[in-house]
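Structure first, then comments.
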Amino acid sequence: MSTQTVKIQSLGAQGDGIAHCPDGTVYVPFALPGETVAIARIKDQGTVMSIAEPAPERREPACRHFGPDGKNGTCGGCSLQHMADEPYHVFKRSLVVAAMKSKGLDVEVGALVQCRPGERRRVVFTARKTEKGLLLGFSQANSHHIVAIEECPVSSDGIVSRLDAIRAIGLPLAGNAEPFRIAVMETLSGLDISFEGLKAVNDKQRRTVTEIVLSMRGIARVSISGEILIEPQKPMIEFDGIAISPPSGGFAQATKQAEDAMARLVLAHVGKSKRIADLFCGSGTFALRLARLGKVHAVEAEDKPLKALDLAARNTQGLKPVTIEKRDLFRHPLIIKELKNFDAVVFDPPRAGAEAQCKELARSGVKKIVAVSCNPLSLARDLAILIEGGYRVTSVTPIDQFLWSPHVEAVATLEK
Numbered sequence: 054m055s056t057q058t059v060k061i062q063s064l065g066a067q068g069d070g071i072a073h074c075p076d077g078t079v080y081v082p083f084a085l086p087g088e089t090v091a092i093a094r095i096k097d098q099g100t101v102m103s104i105a106e107p108a109p110e111r112r113e114p115a116c117r118h119f120g121p122d123g124k125n126g127t128c129g130g131c132s133l134q135h136m137a138d139e140p141y142h143v144f145k146r147s148l149v150v151a152a153m154k155s156k157g158l159d160v161e162v163g164a165l166v167q168c169r170p171g172e173r174r175r176v177v178f179t180a181r182k183t184e185k186g187l188l189l190g191f192s193q194a195n196s197h198h199i200v201a202i203e204e205c206p207v208s209s210d211g212i213v214s215r216l217d218a219i220r221a222i223g224l225p226l227a228g229n230a231e232p233f234r235i236a237v238m239e240t241l242s243g244l245d246i247s248f249e250g251l252k253a254v255n256d257k258q259r260r261t262v263t264e265i266v267l268s269m270r271g272i273a274r275v276s277i278s279g280e281i282l283i284e285p286q287k288p289m290i291e292f293d294g295i296a297i298s299p300p301s302g303g304f305a306q307a308t309k310q311a312e313d314a315m316a317r318l319v320l321a322h323v324g325k326s327k328r329i330a331d332l333f334c335g336s337g338t339f340a341l342r343l344a345r346l347g348k349v350h351a352v353e354a355e356d357k358p359l360k361a362l363d364l365a366a367r368n369t370q371g372l373k374p375v376t377i378e379k380r381d382l383f384r385h386p387l388i389i390k391e392l393k394n395f396d397a398v399v400f401d402p403p404r405a406g407a408e409a410q411c412k413e414l415a416r417s418g419v420k421k422i423v424a425v426s427c428n429p430l431s432l433a434r435d436l437a438i439l440i441e442g443g444y445r446v447t448s449v450t451p452i453d454q455f456l457w458s459p460h461v462e463a464v465a466t467l468e469k
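For reference, each letter of the sequence shown is one residue, going 54 to 469 in the working numbering.
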């Protein structure tokens, strides 16, 4: 380790300050462009020791667990709390702009749809048993150290106010000191708590947790590796007024506000299309809303989300027909012959994107496409494939679903 003073020239894609030194580039978390900082350096990584000249964009972080001086260590959940709103929003949008340019795409990127503190309804904690009880928090960046949290300004009060309850439920299940994950989602009927990565849980542990949950209010469901342990109330969420009970540990957009913003963009572009395919549909975030406009064919690789979607569609009056199909779209994308059945296609894949499906779409005659993405780089690659096939990008909208992090969502609309 060496100590040196560096000047921060720019922000990297992960939100780290970048300094160009004679012997190479150094990445410095929690530093901002224009700042002169003293760092402890190991290879290309720097740790801020002191800031000689703070940037005017620097502000006090919102959380006690943030930054190099964070309480109990540095929580790895956020990387940009020290940055004022306006430059932060510029940086978030720039991630999408840079991704488009990296693929040579000349497309206009719209203004960032902003998010606010306290909107996060789905959180994944890391936990492990200690002599003092259950350590619950987030892992420090590039480390196995768990930072025990007492607050989280990103997350909803419905989750933060129940940290003690989550610890009480998790402690009996922790048979040893190995770390495990606790996914918590705030639903309309209470918290949906899902444990992953636990070693074998015996009957006594299950009984103990069942008794603890029954003594509490506001816990809708507890499950272990997808198996429901206890469900005092069915967890319910709504997609624009359409009620659905998501599967245990299933995917849901992290904030309702971001989900609604995405859905507005999707529905506005699909417009009056009568036959719509929703690919990588999950539990129906878009499919159920789209069924108010036209017939929807929803495709997903996993059984449980499809069954939840199907049940919600059957129990909701006023929807057009919804059909479901279990299918691995990475290996078996919808081919041209099948795509002829649709006026519009919506796809919302995992981070890897939808390359195979886009190659088929590029050769199709589908009039309208909406691409929803959590990875601007794979989105840019997919858009390039579609443009090559004769599609025109009509809009790209970045959405800040993950506040103070380097992750950004985007919705792109295209026409043939």
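We put the beta carbon where it would ideally sit given N, CA and C, even for glycine.
In angstroms, rounded to a whole number, what distance separates the CA positions of residue i and residue j?
i      : j      : result
VAL213 : ILE104 : 32 Å
MET238 : LEU362 : 18 Å
ILE92  : ALA201 : 26 Å
ILE199 : ASN125 : 9 Å
LEU158 : ALA437 : 7 Å
ALA365 : SER301 : 16 Å
ILE440 : VAL162 : 16 Å
ARG174 : ALA307 : 6 Å
ASP23  : SER63  : There is no way to answer for residue 23, as the model of the chain reaches only from 54 to 469.
ILE272 : ALA218 : 9 Å
ALA340 : ARG117 : 40 Å
GLU113 : GLY223 : 33 Å
LYS156 : SER326 : 30 Å
ILE265 : LYS360 : 30 Å
PHE191 : ALA351 : 35 Å
GLN410 : SER209 : 36 Å
SER278 : ARG367 : 28 Å
PRO451 : TYR141 : 13 Å
Mapping the DSSP letters down to three states, classify residue i as helix, strand or coil.
i      : result
ASP381 : coil
VAL461 : coil
GLU355 : coil
ARG445 : strand
GLU203 : coil
ALA164 : coil
THR56  : strand
GLN98  : strand
LEU224 : helix
ILE61  : coil
ALA72  : strand
ASP159 : coil
ASP313 : helix
THR89  : strand
ALA296 : strand
Which two residues bound the contiguous alpha helix (DSSP H) that contains residue i?
i      : result
LEU11  : With the chain represented from 54 up to 469, any question about residue 11 goes unanswered, as that position is not in the structure.
ILE389 : 389-392
GLU239 : Run containing GLU239: none in the alpha helix (DSSP H); it sits in the beta strand (DSSP E), 233-240.
GLU113 : Taken as a continuous stretch (DSSP letters only), GLU113 belongs to no alpha helix (DSSP H), as it is neither H nor E.
GLU249 : No alpha helix (DSSP H) holds GLU249; the beta strand (DSSP E) holding it covers 243-249.
LYS412 : 408-415
Could you pull out every residue in the same chain whose Cβ sits closer than 8 Å to the Cβ of residue i, ignoring the five residues on either side in sequence?
i      : result
SER458 : GLY68, GLY130, CYS131, SER132, LEU133
LEU392 : ALA330, VAL398, GLU413, LEU414, SER417, GLY418, VAL419
Spatial neighbours of residue i within its chain, please: C-beta separation below 7 Å, excluding the five flanking residues on both sides.
i      : result
PRO170 : ALA115, PRO206, VAL207, LEU456
CYS168 : THR308, GLN310, ALA311, ASP453, GLN454, LEU456
Can you give me the start and stop residues for the beta strand (DSSP E) that residue i sits inside?
i      : result
THR179 : 175-183
GLU280 : 280-283
For residue i, which residues of its own chain have a beta-carbon under 6 Å away from its beta-carbon, when the five flanking residues on both sides are left out?
i      : result
ALA137 : GLU110, ARG112
PHE304 : GLY335
THR58  : ALA91
> So, do the segment 454-468 and the segment 180-190 have three or more beta carbon pairs nearer to each other than 8 Å?
Replying inline: With the cut-off at 8 Å, the segment 454-468 and the segment 180-190 do not touch.
> Quick check: the segment 416-430 against the segment 396-403, are there 3 or more CB pairs under 8 Å?
Replying inline: Contact holds: three or more Cβ-Cβ distances are below 8 Å.
> Quick check: the segment 230-245 against the segment 254-264, are there 3 or more CB pairs under 8 Å?
Replying inline: Inter-segment contact for the segment 230-245 and the segment 254-264 is absent: fewer than three beta-carbon pairs are separated by less than 8 Å.
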